[in-house]
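Be aware that the sequence shown starts at 24, since it is given in this note's numbering, and climbs by one per residue.
Think of the CB as a built atom: it goes at the ideal place given N, C-alpha and C, for glycine as much as any other residue.
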Amino acid sequence: MKLTSVELRRVAMPLVAPFRTSFGTQTVRELLLVRVTTPDSEGWSECATLVDPRYSAEYVDGAADVMRRFFVPALAAVPDLDAHAVGRVLSPFKGHWMAKAALETAVLDAELRAAGQSFGRFLGAARDRVPCGVSVGIMDSIPQLLDTVGGYLDAGYVRIKLKIEPGWDVEPVRAVRERFGDEIALQVDANTAYAVSDARHLARLDPFDLLLIEQPLDEDDVLGHAELARLVRTPICLDESITSARTAAAAIRLGACAVVNVKPARVGGYLEARRIHDVCVAHGVPVWCGGMLESGIGRAANVALAALPGFTLPGDTSASDRYYATDLTAPFVLDDGHLPVPTGPGLGVEPVPELLDAMTTARESLPL
Ligand SMILES: CSCC[C@@H](NC(=O)CCC(=O)O)C(=O)O
Ligand SMILES: [Mg+2]
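Right under this line is the structure:
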């Protein structure tokens, strides 16, 4: 396929409630959407960068800039482009995994829409619906946390993930266990907020039978995670540290993680995400699908990925209304704790034009 146009759209989606993590609080999700056209198709994707480089080194303006100046000119020069070629064409450029993921996904969407094949079928989905977990932010009080968790359990979510940081960790976990019992699937995510010297403190989470502790240490502290894994009983899961199938294999071999959060945006796209899935399955390491507060565009692709056989733990694939009163696409609605895997060609969803226009704050057609 030859790219005939590439459009970037900045979209502002207000969150239904502030979402606080160890690195900050979000009240609006500023998204960067990518729309590509080819002679016989169009493709959509969502760049998962945050507005500032706090989750990772990437941020929205930087992703738009690197696409505009380097990535799109390189891809536009390829006469017969396909999704498998995108990573190769962009490989001379270092990093910028979320920007690369957005372009690869838009090209893949165009390719699959033209072929009449769904993301799920292309990726190798083994299920037609996926069990859904939910990520719960740091709250102002324990009562507020318990009300929020109770609401999500009533909604049917099958797994609760609590954001933690020093000063908000053991007590919230204890309170959730005391209120909702030992049966609920419960895990925590620190977003790199701790150090190996906190091992004794983190071991205080062991009695609560958590599924995992996600990314307790700095993203580059793989050996620190391996040391921590020897000091705490709760399984360590990595998120920010896993940027490729190669780093996933190395982390597993070094004993740095027993579970992996597969986040396609963090690793350059769904093709590498599937490679990470395959590496983890080969090592007997369970994976689950992470999230970046995606709109229905990114959510559709994540739900398709979460249907692969190695995704044996519920992911952060929540319903649209977990974050947004109005989604850009038809809303993803939780049904008995599950979301259906889209079956239409490509992503199987597309933005509702009037909703997209209402939330668009800027749009830009890139010269090819
Ligand atoms: C703004 S926090 C985004 C990264 C975070 N994502 C979540 O907690 C899940 C977000 C979601 O439900 O999409 C993570 O570190 O796993
Ligand atoms: Mg995480």
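| said: For residue 248, which residues in the same chain have their Cβ closer than 6 Å to its Cβ, ignoring the five residues on either side in sequence? | reply: The beta carbon of residue 248 sits closer than 6 Å to the beta carbons of 240, 259, 279 from its chain, once the five residues preceding and following it are set aside; these are given in chain order.
**Prompt:** Among all the DSSP beta bridges, which residues are the ones paired with residue 275?
**Reply:** According to the DSSP secondary-structure assignment, residue 275 is paired through a beta bridge with no residue.
Margin query: Do residue 289 and residue 263 count as a contact pair if the criterion is CB distance below 9 Å?
Written below: Yes, the Cβ-Cβ distance between residue 263 and residue 289 is below 9 Å.
The alpha helix (DSSP H) spanning residue 325 covers which residue range? For residue 325, the uninterrupted alpha helix (DSSP H) segment begins and ends at 319 to 328.
Which whole-angstrom value is the C-beta distance of residue 58 and residue 129, which I expect to be below 8 Å?
-> Rounded, the Cβ-Cβ distance is 7 Å, consistent with contact.
Which of helix, strand or coil DSSP assigns to residue 150
Coil.
Whole-angstrom distance between residue 193 and residue 164, CA atom to CA atom: Taking the straight line from one Cα to the other gives about 13 Å.
Q) Tell me which same chain residues have a C-beta within less than 6 Å of the C-beta of residue 71, skipping the five on either side of it? A) Excluding positions up to five away in sequence, the list reads 121, 288, 315.
Subject >> For residue 144, the three-state DSSP class (helix, strand or coil) >> reply: Residue state, collapsed to three classes: helix.
**Request:** Less than 8 Å between the CB atoms is what I'm expecting for residue 336 and residue 309, so what's the real figure, rounded?
**Result:** Contact annotation, residue 336 with residue 309: C-beta distance approximately 5 Å; criterion of less than 8 Å satisfied.
The alpha helix (DSSP H) with residue 121 in it runs from where to where? 120 to 138 is the span of the alpha helix (DSSP H), which, as asked, contains residue 121.
Can you say whether residue 392 is buried or exposed, counting buried as having 16 or more other CB atoms within 10 angstroms of its CB? Residue 392 lies beyond the stretch modelled for the chain, which goes from 24 to 391, so this question has no answer here.
Looking only at C-alpha atoms, which of 31, 230, 155, 238 sits nearest to residue 284?
Ranking 31, 230, 155, 238 by Cα distance to residue 284 puts 238 first.
*Among residues of its own chain, excluding the 5 on either side of residue 140, which ones have a beta-carbon nearer than 7 Å to its beta-carbon?*
Around residue 140: 368.
* Buried or exposed: where does residue 387 fall if 16 or more other Cβ atoms within 10 Å of its Cβ makes it buried? -> By the neighbour-count rule (16 or more Cβ atoms within 10 Å), residue 387 is not buried but exposed.
**Q.** Where residue 376 sits in the DSSP three-state scheme
**A.** In the structure shown, residue 376 sits in a helix (DSSP, three-state: H, G or I).
When the distance is taken between beta carbons, is residue 313 closer than 9 Å to residue 339? Yes, the pair counts as a contact, with Cβ atoms nearer than the cut-off.
Worksheet item: Between the stretch 167 to 185 and the stretch 142 to 152, do at least 3 Cβ pairs fall closer than 8 Å?
Response: Judged by Cβ distances under 8 Å, the stretch 167 to 185 makes no contact with the stretch 142 to 152, as fewer than three pairs qualify.
So which residues touch the region around ligand 2, with touch meaning a C-beta under 7 Å from any heavy atom? Those residues, listed in chain order, are 212, 214, 237, 238, 262, 263, 284, 313.
Check for me: the alpha helix (DSSP H) holding residue 102 runs from which residue to which? Where residue 102 is concerned, there is no enclosing alpha helix (DSSP H), because DSSP gives it neither an H nor an E.
Since residue 104 contacts residue 26 with CB under 8 Å, what's their CB separation in whole angstroms?
Right, their Cβ atoms sit about 6 Å apart.
* Asked: Under a Cβ-count criterion, where at least 16 other Cβ atoms within 10 Å of its own Cβ denotes burial, should residue 257 be classed as buried or exposed?
  -> Counting Cβ neighbours within 10 Å, residue 257 comes out buried, since at least 16 surround it.
Kindly list the residues whose CB is nearer than 6 Å to the CB of residue 286, restricted to its own chain and excluding five residues on each side of it in sequence; keep chain order. The answer, listed in chain order, is 313.
Check your understanding: Can you tell which of 250, 302, 206 has the C-alpha that lies nearest to the C-alpha of residue 220?
Key -> Between residue 220 and the set 250, 302, 206, the nearest pair of CA atoms involves 250.
inquiry  = What residue range does the beta strand (DSSP E) around residue 39 cover?
reply    = Its beta strand (DSSP E) spans residues 28 to 44.
Given the structure, does residue 355 come close to ligand 1, in the sense that its CB is under 8 Å from one of the ligand's heavy atoms? False, no ligand heavy atom lies under 8 Å from that Cβ.
Let me check you understand the geometry: is the CB of residue 352 closer than 8 Å to at least one non-hydrogen atom of ligand 1? Judged by the Cβ position, residue 352 fails to qualify as a neighbour of ligand 1 at the 8 Å threshold, every heavy atom of the ligand being at least this far.
For this session: Tell me whether residue 312 sits in a helix, a strand or coil according to DSSP, three-state version.
Result: DSSP places residue 312 in strand when its eight states are reduced to three.
According to the neighbour-count rule (16 or more other Cβ atoms, all chains shown, within 10 Å of its Cβ), is residue 356 buried or exposed? By the neighbour-count rule (16 or more Cβ atoms within 10 Å), residue 356 is not buried but exposed.
What is the DSSP secondary structure of residue 282, reduced to helix, strand or coil?
Of the three classes helix, strand and coil, the one that applies to residue 282 here is strand, per DSSP.
| query | With respect to the alpha helix (DSSP H) encompassing residue 248, which residues constitute its N-terminal and C-terminal limits? | reply | Here the alpha helix (DSSP H) through residue 248 covers 245 to 254.
**Q.** C-alpha gap between residue 109 and residue 292, whole angstroms
**A.** The C-alpha of residue 109 lies about 10 Å from the C-alpha of residue 292.
* Would you report the Cα separation of residue 119 and residue 228, rounded to the nearest angstrom? -> Taking the Cα positions, residue 119 is about 35 Å away from residue 228.
Please report the residue range of the beta strand (DSSP E) in which residue 183 lies.
Counting along the chain, the beta strand (DSSP E) containing residue 183 begins and ends at 182 to 186.
For residue 54: DSSP bridge partner residues | Note: residue 54 is bridge-paired with 34 in the DSSP secondary-structure output.
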